[in-house]
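Undergrad:
Written as structure tokens, this is what we have:
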């Protein structure tokens with residue numbers, strides 16, 4: 001974490017004046033021997049070589065706001081003593097530097113803004129195959145929508161985690177006795193005991209996993225439907241319609257875009273649920289529901 005460090009000193013390090021521009025980031029990065037490319041321009045008998053350099057950041061904490069410890073993003077401000085802070089912290093601190101109490105929030109630290117924009121970091125899921133890179137701090141937003149994000153098995157006491165396509169195959173191979181199947185566009189039974197709390201549906205053999213969960217509270221039962229998948233474009237995008245009926249009473253709930261989760265949670269939801277009050281259940285301990293799941297791309301084709 002940066003505390004009392006002048007951004008100019010952080011950037012310059014111990015570089016000599018003759019190599020200041022080339023080594024300006026010497027205290028932050030180290031040269032990768034294989035990372036450079038040489039571009040040669042022939043002039044007579046001489047070859048002028050321009051080296052394209054890359055580097056590795058030594059300490060990512062240098063790019064975090066010293067006040068809130070979140071990644072620095074534009075705009076970055078500094079006080080007259082050189083202490084820096086993000087714009088949100090300047091407002092929260094009422095434009096008083098937390099390190100020296102001098103005014104902060106007027107003068108931007110443009111050199112640090114340039115450094116933050118120049119430092120490229122890989123996606124946190126790089127080891128699983130994602131090749132995208134981002135300016136520091138922006139990789140966290142991408143991680144939530146990365147198709148290489150880990151998804152966790154919904155089976156009780158199973159610790160498997162992997163890419164969603166691998167998870168689907170794992171579930172079909174190891175837990176088929178604990179789930180029901182569904183076919184897109186057709187009604188399927190979603191019958192479950194309230195005490196079970198979760199019913200897993202799988203599309204065909206090794207297809208997408210959908211978790212139907214119920215949460216019993218004092219007023220009644222909350223029912224949610226989520227696809228176990230990352231929120232990446234084009235990955236397991238479904239809509240659904242869920243219905244419950246008994247006698248002359250019925251109710252239904254649906255979403256044009258089913259929520260996607262990487263891991264099931266057993267906390268009572270705050271939104272996107274069907275609520276079945278206790279008087280509606282009339283003492284029954286099970287929910288006999290119907291669900292129709294549709295693939296969103298197929299829906300749009302039918303409408304056109």
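In UniProt numbering, the protein residues as written are 1 to 304.
The beta carbon of each residue, even a glycine, is placed where N, CA and C say it ideally should be.
1) When we look at the beta-carbon of residue 146 and count the other beta-carbons within 10 Å, is it buried (16 or more) or exposed?
2) According to DSSP, simplified to helix, strand and coil, what is residue 239?
3) May I ask which residues mark the beginning and end of the beta strand (DSSP E) holding residue 226?
4) Can you find the residues in the same chain that come closer than 7 angstroms, C-beta to C-beta, to residue 232, ignoring five residues on each side of it along the sequence?
5) Buried or exposed: residue 267, going by 16 or more other Cβ atoms within 10 Å of its Cβ?
6) Is the CB-CB distance between residue 214 and residue 200 below 7 angstroms?
7) Let me check one thing: in DSSP terms, what residues is residue 245 bridge-paired to?
8) With a threshold of 8 angstroms on Cβ separation, who are the neighbours of residue 286 within its own chain once the five nearest residues in sequence on each side are excluded?
9) Can you tell me whether residue 255 is helix, strand or coil according to DSSP?
10) Opposite residue 198 in the DSSP bridges: which residues?
11) Out of curiosity, what's the CA-to-CA distance linking residue 188 and residue 196?
12) To the nearest angstrom, report how far apart residue 129 and residue 258 are at their CA atoms.
13) Using 8 angstroms as the Cβ pair cut-off and three pairs as the minimum, do the region 77-84 and the region 107-117 touch?
14) Using the C-alpha atoms, what's the distance from residue 63 back to residue 101?
15) Report yes or no: do three or more beta-carbon pairs, one from the region 241-250 and one from the region 287-294, lie closer than 8 angstroms?
16) Could you tell me which of 198, 65, 202 and 70 sits nearest to residue 164, measuring between CA atoms?
17) Who does residue 121 pair with in a DSSP beta bridge?
18) Report yes if the CB atom of residue 168 is closer than 7 angstroms to the CB atom of residue 161, and no otherwise.
19) Under 7 angstroms, do residue 95 and residue 103 count as touching if we go by C-beta distance?
20) Taking the C-alpha atoms as reference points, what is the distance between residue 294 and residue 210?
21) What's the call for residue 88, buried or exposed, on a 16-neighbour Cβ count within 10 Å?
22) Use the C-beta contact count for residue 117: other C-beta atoms within 10 angstroms, 16 or more gives buried, fewer gives exposed.
23) Just confirm the distance between the C-beta atoms of residue 205 and residue 227, as a whole number of angstroms; I'd bet it's less than 8 angstroms.
24) Alpha carbon to alpha carbon, how far is residue 184 from residue 177? Give it in angstroms, no decimals.
25) What do you reckon, are the CB atoms on residue 284 and residue 239 nearer than 7 angstroms?
26) Strictly by DSSP, which residues pair up with residue 189?
27) Report yes if the CB atom of residue 113 is closer than 7 angstroms to the CB atom of residue 123, and no otherwise.
28) So, helix, strand or coil for residue 116, using DSSP?
TA: So, from the listed chains and residues:
1) Here residue 146 is buried. Its C-beta has 16 or more other C-beta atoms within 10 Å.
2) If DSSP states are grouped into helix, strand and coil, residue 239 belongs with the strands.
3) Per DSSP, the continuous beta strand (DSSP E) segment holding residue 226 begins and ends at 220-228.
4) If we look at residue 232 and ignore the five residues flanking it on each side, its Cβ neighbours are 145, 146 and 147.
5) With fewer than 16 other Cβ atoms within 10 Å, it is exposed.
6) The beta carbons of residue 214 and residue 200 sit no closer together than 7 angstroms.
7) Looking at the DSSP assignment, residue 245 forms a beta bridge with 250.
8) Around residue 286: 191, 192, 193 and 194.
9) Strand.
10) Answer is 213, bridged to residue 198.
11) Take the alpha-carbon of residue 188 and the one of residue 196: they are about 19 angstroms apart.
12) Residue 258 has its alpha-carbon roughly 26 angstroms from the corresponding atom of residue 129.
13) As far as the Cβ criterion goes, the region 77-84 touches the region 107-117, which means the pair count is three or higher.
14) Distance between the alpha carbons of residue 101 and residue 63: 22 angstroms.
15) The answer is yes - the region 287-294 touches the region 241-250, with three or more Cβ pairs under 8 angstroms.
16) For the residues 198, 65, 202 and 70, the minimum Cα distance to residue 164 belongs to 202.
17) In the DSSP assignment, the residues bridged to residue 121 are 134.
18) Not in contact: residue 168 and residue 161 (Cβ atoms no closer than 7 angstroms).
19) Yes. Within cutoff.
20) Between the alpha carbons of residue 294 and residue 210 lies a gap of roughly 12 angstroms.
21) Taking every protein chain shown into account, the CB of residue 88 has fewer than 16 other CB atoms within 10 angstroms, so this residue is exposed.
22) Per the 10 Å Cβ criterion, exposed.
23) No, residue 205 and residue 227 are not in contact; Cβ-Cβ is about 17 angstroms, not under 8 angstroms.
24) Their backbone Cα atoms lie some 21 angstroms apart in a straight line.
25) Going by C-beta atoms, residue 284 is not nearer than 7 angstroms to residue 239.
26) 290, per the DSSP bridge assignment.
27) The answer is no: Cβ separation not under 7 angstroms.
28) Looking at residue 116 - three-state DSSP - the assignment turns out to be helix.
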